[in-house]
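Asker: Line by line, the protein sequences are chains A and B. Position one of the first sequence corresponds to residue 1 (the UniProt record's numbering), numbered consecutively onward. Position one of the second sequence corresponds to residue 1 (the UniProt record's numbering), numbered consecutively onward. Here a beta-carbon is modelled for each residue, glycine too, at the ideal position from N, C-alpha and C.
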Amino acid sequence: MTTEIVAAPQRQRRPLILWAGLILVGLHVFAGLLSLVWLPYDPTAMAGGRLEGPSFLHWVGTDRLGRDLFTQMMIGSRIALTVGLGAVAIGAAIGVTLGILAAFATRWLDDALAATLDILIAFPTLLIAMLVVAASDTANLWSAIIALGIALSAIVARLTRILAKRVLVMDYITAARTSGSSWPKIVAIHILPNIWPTLAVNFALQFGLAVIAEASLSYLGLGAPPPNASWGRILQEAQGTVYTAPLGAIAPGIALVSLAIGVNLLADGLRDAIDPTRRSR
Amino acid sequence: MTSLLTLKNLSVSTGGKTLIHGLSFSLEKGERLGLIGESGSGKSLTALAATGLLPAGLRASGSAILAGTEVIGAPERQLNTLRGTAAAIVFQEPLTALDPLMRVGKQVAEPLARRAKRDGQPLHSEALDQAVLALLTEVALPDPPRIARAYPHELSGGQRQRIAIAMALACKPDLLIADEPTTALDVTTQAEILALIDRLVRERNMALLFISHDLPVVANTVSRVVVLRQGEAVEAGSVANVFGNPQHDYTKSLLAAARSFDRALEGTP
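#1: Using the beta-carbon of each residue, which ones in chain A are nearer than 8 Å to B/F210?
#2: With a threshold of 8 Å between beta-carbons, can A/A175 be considered close to chain B, or not?
#3: Say yes only if the C-beta of B/G120 is nearer than 7 Å to one or more non-hydrogen atoms of the ligand HEM, and no if none qualify.
#4: Taking 6 Å as the limit between beta carbons, can you name the residues of its chain near B/M1, skipping five residues before and five after?
#5: Contact defined as beta carbons within less than 8 Å: I believe A/L168 pairs with A/L199. What is the distance between those atoms, to the nearest angstrom?
#6: Please report the straight-line C-alpha distance between B/L101 and A/G248, rounded to a whole angstrom.
#7: On the three-state DSSP scale, how would you describe B/H213?
#8: Ends of the alpha helix (DSSP H) at A/V257?
#9: Check whether the Cβ atoms of A/L148 and A/A80 sit closer than 8 Å, and answer yes or no.
#10: Considering only C-alpha positions, which residue in the set B/A134, B/P145, B/R115 is nearest to residue 285 of chain A?
#11: Any beta carbon from chain A within less than 8 Å of B/A148's own beta carbon?
#12: Put A/M1 into one of helix, strand or coil per three-state DSSP.
#13: If we ignore side chains and look at the alpha-carbon of each, how far apart do A/L265 and A/L259 end up?
#14: If you draw a straight line from the C-alpha of B/V201 to the C-alpha of B/A88, how long is it?
#15: Please classify B/S39: is it buried, with 16 or more other beta-carbons within 10 angstroms of its beta-carbon, or exposed?
#16: Any Cβ of chain E within less than 8 Å of the Cβ of A/G99?
#17: Just list the alpha helix (DSSP H) runs in the region 113-186 of chain B, keeping only unbroken ones of 4 residues or longer that don't cross its boundaries, in chain order.
#18: Going by C-alpha distance, which of B/A74, B/E31, B/P216, B/G37 is nearest B/L54?
#19: I want to verify the contact list: residues of chain B whose CB lies under 7 Å from the CB of A/T160, in sequence order.
#20: Taking contact to mean at least 3 C-beta pairs separated by less than 8 Å, is the region 60-70 of chain A in contact with the region 38-47 of chain A?
#21: Helix, strand or coil for B/T251, going by three-state DSSP, please let me know.
#22: When we look at the beta-carbon of B/T251 and count the other beta-carbons within 10 Å, is it buried (16 or more) or exposed?
#23: Here's the rule: buried if 16 or more other CB atoms are within 10 angstroms of the residue's CB, otherwise exposed. What is A/Y243?
#24: Report buried or exposed for A/S136, applying the criterion of at least 16 other Cβ atoms within 10 angstroms of its Cβ.
#25: Among A/I162, A/W142, A/L205, A/T241, whose alpha-carbon lies nearest the alpha-carbon of A/I195?
#26: Out of curiosity, what's the CA-to-CA distance linking A/Q236 and A/S182?
#27: Are the CB atoms of B/V217 and B/L194 nearer to each other than 8 Å?
#28: Is the beta carbon of A/S55 closer than 8 Å to that of A/G95?
#29: In chain A, which residues lie less than 7 Å from B/L98 when you measure between Cβ atoms?
#30: Any C-beta of chain B within less than 9 Å: which residues of the region 178-190 of chain A qualify?
#31: Looking at chain A, is there any beta carbon in it that lies within less than 8 Å of the beta carbon of B/M206?
#32: Jot down the residue ranges of each uninterrupted alpha helix (DSSP H) in the region 23-92 of chain B, minimum 4 residues, whole runs only, in chain order.
#33: How many angstroms separate the CA atom of B/T81 from the CA atom of A/I75?
#34: What are the complete beta strand (DSSP E) segments, minimum 3 residues, inside the region 46-106 of chain A?
#35: Taking C-beta pairs closer than 9 Å, name the residues in chain A that B/A140 reaches, listed in chain order.
#36: Out of A/A273, A/L192, A/I254, which one is the CA nearest neighbour of A/W92?
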């Protein structure tokens with residue numbers, strides 16, 4: 001009797017995830033970049049009648065002031081990507097630094113840091129962001145990005161601390177120290193690469209969180225001020241007319257969800273592509 | 001200064017519990033010493049304490065002089081210069097001793113480049129690649145160029161242990177500490193790795209501190225042994241004396257256990 005060994009079907013699925021993520025994120029990146037140099041209409045001018053439905057001239061219709069919604073959504077893509085990247089970059093810079101420091105700290109300092117992080121994490125991200133925005137004089141896009149970055153950093157720091165501690169007890173760290181490697185070098189070539197796959201997935205989740213949180217802030221009037229067409233503000237403006245022109249609320253919602261899912265799929269796919277232990281020989 | 005490693009009254013403790021009690025022995029240049037005892041007897045801790053690598057929370061007292069430098073209480077910077085040159089460790093579990101995300105060639109290149117830089121003759125890309133391949137050849141790995149490009153999970157346990165040995169050799173240490181280097185391997189591979197360590201220690205004239213619970217392995221590898229029990233040295237001397245005429249009950253029981261294991265293998269009651 002012979003047994004045929006069949007390769008696990010999982011391998012086939014992976015590139016698909018990567019491609020789906022690339023396409024979703026790519027569409028938003030394309031729209032966002034294009035909005036810098038070309039827009040179908042002037043985003044602040046009346047381009048047609050009020051609350052028009054979708055047509056060849058206005059792909060997703062117009063809002064209650066007669067502005068083209070598709071134009072605003074393109075700008076929304078740009079704002080969402082800026083917020084996501086900015087907040088995750090700030091959160092990663094603060095969080096990874098703190099987490100690595102905590103992993104190396106003496107027990108007393110480590111406990112203090114861990115307790116502080118736990119308290120910070122207990123606060124909802126949006127609440128921290130609202131506090132920071134409220135504390136700054138004017139609501140603008142950058143105060144929102146910084147606020148979200150700070151709010152996200154606590155989660156990154158805690159995750160980094162735990163992951164780094166797990167790597168620190170491995171024999172190859174001791175081996176590197178035996179051969180005279182300095183700590184900064186060990187962090188750079190051993191610890192960061194080994195905690196990166198898990199962090200990357202977390203960053204993608206946080207990117208989605210940040211985009212949605214910014215939309216929430218804008219919805220509440222704490223994000224990018226008009227005439228910046230954030231998806232959250234488009235949603236808020238469409239609220240009053242949601243029964244007569246539902247597309248005005250549905251379109252930015254779909255945009256939000258597609259970007260959040262796209263980034264997650266992309267991160268999943270990238271992690272598998274980067275991690276050699278998940279690749280076939 | 002003929003003694004490479006001298007432990008005097010070395011103790012290691014954590015939170016009021018003493019793990020090693022006043023251990024003393026010394027190791028000359030080119031000498032081979034075995035450290036034996038059951039799991040948890042403090043063998044590996046002794047090696048870590050001697051190189052100043054004790055995990056946080058463990059305190060060492062007494063004296064450990066490695067290549068003329070007092071290790072206990074020495075600042076990290078001083079230890080760093082010592083570690084790259086005086087001693088290198090080969091660990092028990094070859095899978096965790098290698099970084100899973102780095103090609104093994106690069107892992108061998110790291111200590112090699114550092115040692116070369118310290119010697120004032122920095123190696124650059126091509127010379128470094130050549131030196132890595134030479135080391136892989138020295139530890140008898142087949143097809144070094146292919147192995148150098150592999151990741152640890154693509155190699156067998158024996159091959160990984162050879163890589164770990166190559167990394168230790170890259171430091172050109174005077175003292176090679178082998179912490180149960182064959183325990184995680186199957187018997188055939190064990191014999192090969194032991195022969196390799198034996199050959200390398202002889203060729204490079206290194207001293208060897210061989211840590212194991214496997215008495216026959218120790219007997220074949222080293223000339224002198226220290227028997228550890230619950231952090232205390234219960235017996236020390238040449239292999240022939242300690243194994244041939246054990247004085248302490250614990251050594252006798254270790255030998256009896258090894259003999260009964262042999263008898264079980266041979267099928268006699």
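Answerer: If we stick to the structure as given:
#1: Simply none; closest approach about 16 Å.
#2: Proximity of A/A175 to chain B, defined by a Cβ-Cβ separation below 8 Å, is satisfied.
#3: Among the components of this structure there are no ligands whatsoever, and the ligand HEM is therefore not found.
#4: Bear in mind that the predicted position of B/M1 carries a pLDDT of just 49, short of 50, making it unreliable; the figure below should be weighed with that in mind. The answer, listed in chain order, is G68.
#5: Their Cβ separation, rounded to whole angstroms, is 16 Å, which puts A/L168 and A/L199 out of contact at 8 Å.
#6: Their Cα atoms are separated by approximately 48 Å.
#7: The three-state reading of DSSP puts B/H213 in coil, since its state is none of H, G, I, E or B.
#8: Here the alpha helix (DSSP H) through A/V257 covers 247-274.
#9: Result no, Cβ atoms of A/L148 and A/A80 do not sit closer than 8 Å.
#10: Lying before the first or after the last residue shown, residue 285 of chain A is absent from chain A, which here runs from 1 to 281.
#11: So, not an interface residue.
#12: Since pLDDT at A/M1 reaches only 49, below the 50 mark, its modelled position is unreliable, and no value is offered.
#13: When rounded, the distance between both Cα atoms is 10 Å.
#14: Between B/V201 and B/A88, the C-alpha separation is close to 12 Å.
#15: The residue is exposed, with fewer than 16 neighbouring Cβ atoms inside 10 Å.
#16: Included in the structure are the protein chains A and B, with no chain E among them.
#17: Counting only runs of 4 or more, we get 125-138, 144-148, 157-170.
#18: Out of B/A74, B/E31, B/P216, B/G37, B/A74 has the C-alpha closest to the C-alpha of B/L54.
#19: Correct list: empty, because the minimum Cβ distance to chain B is about 16 Å.
#20: Judged by Cβ distances under 8 Å, the region 60-70 of chain A makes contact with the region 38-47 of chain A, as three or more pairs qualify.
#21: Three-state DSSP puts B/T251 in a helix.
#22: Flag for B/T251 reads buried.
#23: Exposed, by the Cβ-count rule.
#24: Exposed, since its Cβ has fewer than 16 Cβ neighbours within 10 Å.
#25: Selected option, being the one with the closest Cα: A/I162.
#26: Taking the straight line from one Cα to the other gives about 53 Å.
#27: Their beta carbons are under 8 Å apart, which means B/V217 touches B/L194 by this criterion.
#28: Against a cut-off of 8 Å, the Cβ pair of A/S55 and A/G95 comes out as no contact.
#29: Neighbours of B/L98 across chain A, judged by C-beta separation under 7 Å: Y172.
#30: For the region 178-190 of chain A, the residues whose beta carbon sits under 9 Å from a beta carbon of chain B are, in order, T178, S179, G180, S181, S182, W183, K185, I189, H190.
#31: Chain A contact via Cβ: absent.
#32: For the region 23-92 of chain B, the full-length alpha helix (DSSP H) segments reaching 4 residues or more read 43-50, 76-86 along the chain.
#33: Here the alpha carbons of A/I75 and B/T81 stand approximately 56 Å from one another.
#34: Listed in chain order, nothing qualifies, since the region 46-106 of chain A has no complete beta strand (DSSP E) run of 3 or more residues.
#35: Here the premise fails: no neighbours, minimum Cβ distance about 20 Å.
#36: This sequence places Ala at residue 92 of chain A; Trp is not what is there. Selected option, being the one with the closest Cα: A/L192.
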